[in-house]
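Asks:
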Amino acid sequence: MRFGEVLKTKANEGKEKHVPVIEIQRCAECGEDVVVTIVGKETPHPNTTEHHIKWIQLYGLKKDNQLLHLGTFGLGPVYTAPEVTAHLKTAELKTIFALAYCNIHGVWENSLEI
Ligand SMILES: [Fe+2]
Numbered sequence: 033m034r035f036g037e038v039l040k041t042k043a044n045e046g047k048e049k050h051v052p053v054i055e056i057q058r059c060a061e062c063g064e065d066v067v068v069t070i071v072g073k074e075t076p077h078p079n080t081t082e083h084h085i086k087w088i089q090l091y092g093l094k095k096d097n098q099l100l101h102l103g104t105f106g107l108g109p110v111y112t113a114p115e116v117t118a119h120l121k122t123a124e125l126k127t128i129f130a131l132a133y134c135n136i137h138g139v140w141e142n143s144l145e146i
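To convert, count from 1 in the sequence shown and add 32; that's this note's numbering.
1. What residue range is occupied by the uninterrupted beta strand (DSSP E) comprising residue 69?
2. In the DSSP assignment, the beta strand (DSSP E) including residue 59 goes from what residue to what residue?
3. Should residue 49 go down as buried or exposed, given a rule of 16 or more other Cβ atoms within 10 Å for buried?
4. Nearest by alpha-carbon distance to residue 41: which of 35, 112, 47, 52 is it?
5. Quick one: what does DSSP say residue 142 is sitting in, helix, strand or coil?
6. Just the Cα atoms here: how many angstroms apart are residue 77 and residue 118?
7. With a threshold of 7 Å, establish whether the CB of residue 82 neighbours any heavy atom of ligand 1.
8. For residue 134, verify whether its CB is less than 7 Å away from any heavy atom of ligand 1.
9. Going by DSSP in three states, residue 43 sits in which element: helix, strand or coil?
10. Given the structure, does residue 48 come close to ligand 1, in the sense that its CB is under 7 Å from one of the ligand's heavy atoms?
11. Can you tell me whether residue 101 is buried or exposed, with buried defined as 16 or more other CB within 10 angstroms of its CB?
12. Can you give me the start and stop residues for the beta strand (DSSP E) that residue 85 sits inside?
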């Protein structure tokens with residue numbers, strides 16, 4: 033079995049929302065691109081010690097197909113909402129991937145073509 037076989041997508045979504053939503057915005061202060069990733073944007077995911085989003089990872093696929101690790105964001109239960117913001121230059125990227133880990137429901141993925 034490969035790890036990719038246990039990754040979950042929108043097709044696996046239940047009433048609790050796990051798929052990380054990726055948005056690219058423009059930073060009003062520095063003018064750079066800002067990638068905002070939110071788990072449970074429409075329907076908030078539980079945020080308790082028993083059930084929470086533990087981490088979010090971002091990857092970028094360059095136009096030459098090199099995969100870059102953009103960041104791993106550790107989130108604590110209860111006080112840290114599952115939303116992260118990363119400044120980055122997107123000019124060399126063609127796709128951004130996000131992974132989000134729920135301590136009960138596993139690893140969820142999404143991507144955004146730029
Ligand atoms: Fe969950």
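Built from N, CA and C at the ideal position, the CB exists for glycine as well.
Every value quoted in this text rests on a predicted model; they were computed, and no experiment measured them.
Replies: Working from what's here:
1. Here residue 69 refers to the residue found at position 37 when the sequence shown is read from its first residue. Residues 65 to 71.
2. In the sequence shown, residue 59 corresponds to position 27, counting from 1. It is not in any beta strand (DSSP E) - residue 59 carries neither H nor E in the DSSP assignment.
3. Your numbering for residue 49 matches position 17 in the sequence shown. Classification for residue 49: buried.
4. For this step, residue 41 is matched to residue 9 along the sequence shown. Nearest option by C-alpha distance: 52.
5. As a first step, residue 142 must be located in the sequence shown, where it is residue number 110. In the structure shown, residue 142 sits in a strand (DSSP, three-state: E or B).
6. If you number the sequence shown from 1, residue 77 lands on position 45. If you number the sequence shown from 1, residue 118 lands on position 86. Those two C-alpha atoms are separated by around 21 Å.
7. As a position in the sequence shown, residue 82 is number 50, starting the count at 1. For ligand 1, not one heavy atom lies less than 7 Å from the Cβ of residue 82.
8. Along the sequence shown, one-based indexing puts residue 134 at 102. Inclusion of residue 134 in the 7 Å shell around ligand 1 follows from its C-beta lying nearer than that to a non-hydrogen atom of the ligand.
9. Locating residue 43 in the sequence shown gives position 11, counting from the first residue. Here residue 43 sits in helix by DSSP.
10. The sequence position of residue 48 within the sequence shown is 16, counting from 1. For ligand 1, at least one heavy atom lies less than 7 Å from the Cβ of residue 48.
11. Counting from 1 along the sequence shown, the entry for residue 101 is found at position 69. Exposed, by the Cβ-count rule.
12. If you number the sequence shown from 1, residue 85 lands on position 53. For residue 85, the uninterrupted beta strand (DSSP E) run begins and ends at 85 to 94, by DSSP.
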